[in-house]
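Using the numbering used here, the first residue of the sequence shown is number 4, and each one after it goes up by one.
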Amino acid sequence: MILPGATLGVLGGGQLGRMFTLAAHAMGYRVAVLDPDPHSPAGLIAEQHICADYRDHAALQMLGDECAAVTTEFENVPAESLEYLARHCPVRPGASAVRVAQDRIREKTFVRDLGLATAPFVPIHEEADLEAGVAALNPPLLLKTASMGYDGKGQVEVADLAGARAAFERLGGTPCVLEEKVSLEREVSVVLVRGLEGDMAFYPLAENTHVGGILDTTRVPASVPPATADLAVEMAGRVAEALDYCGVLAVEFFVTPAGELLINEMAPRPHNSGHFTLDAALTSQFEQQVRALCGLPPGDTLLLSPVVMLNLLGDLWRDGEAPPWERLFAHPNAKLHLYGKREARPGRKMGHCNCLATTPEDAAALAEEIRAALGGS
4 MILPGATLGV
14 LGGGQLGRMF
24 TLAAHAMGYR
34 VAVLDPDPHS
44 PAGLIAEQHI
54 CADYRDHAAL
64 QMLGDECAAV
74 TTEFENVPAE
84 SLEYLARHCP
94 VRPGASAVRV
104 AQDRIREKTF
114 VRDLGLATAP
124 FVPIHEEADL
134 EAGVAALNPP
144 LLLKTASMGY
154 DGKGQVEVAD
164 LAGARAAFER
174 LGGTPCVLEE
184 KVSLEREVSV
194 VLVRGLEGDM
204 AFYPLAENTH
214 VGGILDTTRV
224 PASVPPATAD
234 LAVEMAGRVA
244 EALDYCGVLA
254 VEFFVTPAGE
264 LLINEMAPRP
274 HNSGHFTLDA
284 ALTSQFEQQV
294 RALCGLPPGD
304 TLLLSPVVML
314 NLLGDLWRDG
324 EAPPWERLFA
334 HPNAKLHLYG
344 KREARPGRKM
354 GHCNCLATTP
364 EDAAALAEEI
374 RAALGGS
């Protein structure tokens with residue numbers, strides 16, 4: 004076990020790294036951040052900020068020499084950097100698990116090989132693969148880049164071969180996944196933690212609503228039958244076991260009108276849909292990340308209150324003015340979390356608000372009241 008007083012490292016200095024740092028500080032750890040942005044939200048509050056590229060071996064060695072163990076806040080850190088860093092200190096989750104999650108072709112193939120359901124898909128490595136891919140699937144289809152896509156970026160809806168070819172060119176001719184755009188009843192996610200010894204703990208199923216490809220709200224508990232929630236937890240656990248995972252893992256699902264669960268993607272880190280745990284669970288997902296990194300057993304995932312998490316995007320900042328926070332603070336059951344970002348831009352995640360209430364419906368109503376009060380639509 005790595006105990007308080009040690010220095011922990013995190014690759015990536017965005018909001019997830021910042022919330023990891025806050026959790027680690029509360030537990031008595033020091034934190035070193037490696038991030039190329041001199042104004043990274045996590046780097047501003049960590050004891051040490053190594054401002055360097057993720058492929059900089061000298062910086063990686065410095066981080067490894069300084070830290071008792073290192074984690075990552077996002078999946079697009081090069082797996083090769085994680086492998087290099089692992090020569091100097093423990094890295095959790097490991098490079099092999101991150102490598103699967105950072106490429107949609109590997110990820111979906113991995114899930115399919117486990118015997119778990121996904122939307123029907125075909126890997127597209129080059130333009131010549133498109134004709135057979137389109138013929139094998141039922142339109143409408145989505146063409147998604149295999150890597151670096153998030154918040155709805157890097158994907159185009161297509162209806163036929165001509166559209167697929169135009170979309171492939173628009174996406175830069177890089178490897179892609181072509182998949183059927185399935186009919187959805189809702190989207191849900193499981194956030195779990197798996198410890199060094201393989202012990203797992205699961206948060207209640209979260210129900211997610213996206214707007215423009217970006218997560219808008221997360222409602223917990225999700226409005227699905229208990230059997231559906233149990234199956235989602237079981238499927239997510241199988242993924243974590245097969246990856247020999249150590250850390251916090253999020254698995255996102257589509258729920259079809261027939262009640263079928265399809266795995267959409269996974270995130271090898273704390274997840275936006277797990278931010279409700281900061282106020283509505285006995286142990287936050289960021290404390291769980293610290294625990295797993297340090298070889299400690301998972302904390303209790305008990306849900307303390309129904310909750311709706313409302314994302315706060317840069318669209319709320321108008322003409323350089325911050326939203327009227329006093330309207331949010333007028334609600335005693337609303338908990339504001341801002342990420343310390345210097346510049347607000349449309350679509351950029353600037354913070355979130357957890358709205359707690361005695362029922363999920365009341366929590367949802369509070370979230371919409373706060374959205375309107377802050378000038379959202």
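Cβ coordinates follow ideal geometry from the N, Cα and C atoms, glycine included.
- Measure the C-alpha to C-alpha separation of Leu-322 and Gly-379 and round it to an integer number of angstroms. The amino acid occupying residue 322 in the given sequence is Asp; Leu does not appear at that position. Cα to Cα, the separation comes out at about 15 Å.
- For Cys-358, which residues of its own chain have a beta-carbon under 6 Å away from its beta-carbon, when the five flanking residues on both sides are left out? Val-311, Ala-337, Ala-366, Leu-369, Ala-370
- Message: Relative to the C-alpha of Glu-172, which candidate in Lys-184, Lys-147, Ser-192, Glu-183 has its C-alpha closest?
- Response: Lys-147
- Drop a sphere of 10 angstroms on the beta-carbon of Pro-326, count the other beta-carbons inside from all chains shown, and report buried for 16 or more, exposed for fewer. buried
- Item | Straight-line Cα distance separating Val-254 from Ile-266 | 7 Å
- Message: Quick check on DSSP: helix, strand or coil for Arg-33?
- Response: strand
- Report the option in Glu-83, Asn-79, Asp-56, Leu-88 whose CA atom is closest to the CA atom of Met-71. Per the sequence shown, residue 71 should be read as Ala rather than Met. Answer by Cα proximity: Leu-88.
- Message: Could you check whether the region 180–189 touches the region 233–245, counting it as contact only if at least three pairs of C-beta atoms, one from each stretch, sit closer than 8 Å?
- Response: no
- Mapping DSSP to helix, strand and coil, what is Pro-229? helix
- Query: What did DSSP end up calling Glu-188 once you bin it into helix, strand or coil?
  - Reply: coil
- Determine the closest residue to Trp-320 out of Leu-208, Lys-352, Gly-216, Glu-160, with distance taken between C-alpha atoms. Lys-352
- Selection from Ser-308, Gln-64, Ser-192, Gly-175 that minimises the alpha carbon distance to Leu-252: Ser-192
- Message: Please classify Thr-280 as buried or exposed, where buried requires at least 16 other C-beta atoms within 10 Å of its C-beta.
- Response: buried
- Message: Quick check: the Cα distance between Leu-218 and Val-293, rounded to an integer number of angstroms?
- Response: 25 Å
- Own chain residues within Cβ distance below 6 Å of Ala-162, not counting five before or after: Pro-142, Pro-143
- Task: Using three-state DSSP, classify Pro-41 as helix, strand or coil.
- Result: coil
- Item | For Phe-113, the first and last residue of its enclosing beta strand (DSSP E) | No beta strand (DSSP E) holds Phe-113; the alpha helix (DSSP H) holding it covers 107–116.
- Query: Can you give the Cα-Cα distance for Pro-207 and Arg-222, rounded to whole angstroms?
  - Reply: 10 Å
- Query: Counting along the chain, where does the alpha helix (DSSP H) carrying Pro-363 start and finish?
  - Reply: 363–376
- Message: Considering Cα atoms alone, identify which of Thr-10, Ile-5, Gly-12, Ala-27 is closest to Glu-290.
- Response: Ala-27
- Query: Buried or exposed: Phe-332, going by 16 or more other Cβ atoms within 10 Å of its Cβ?
  - Reply: exposed
- Straight-line Cα distance separating Arg-330 from Val-103: 43 Å
- Query: What's the C-alpha gap between Trp-328 and Met-30?
  - Reply: 29 Å
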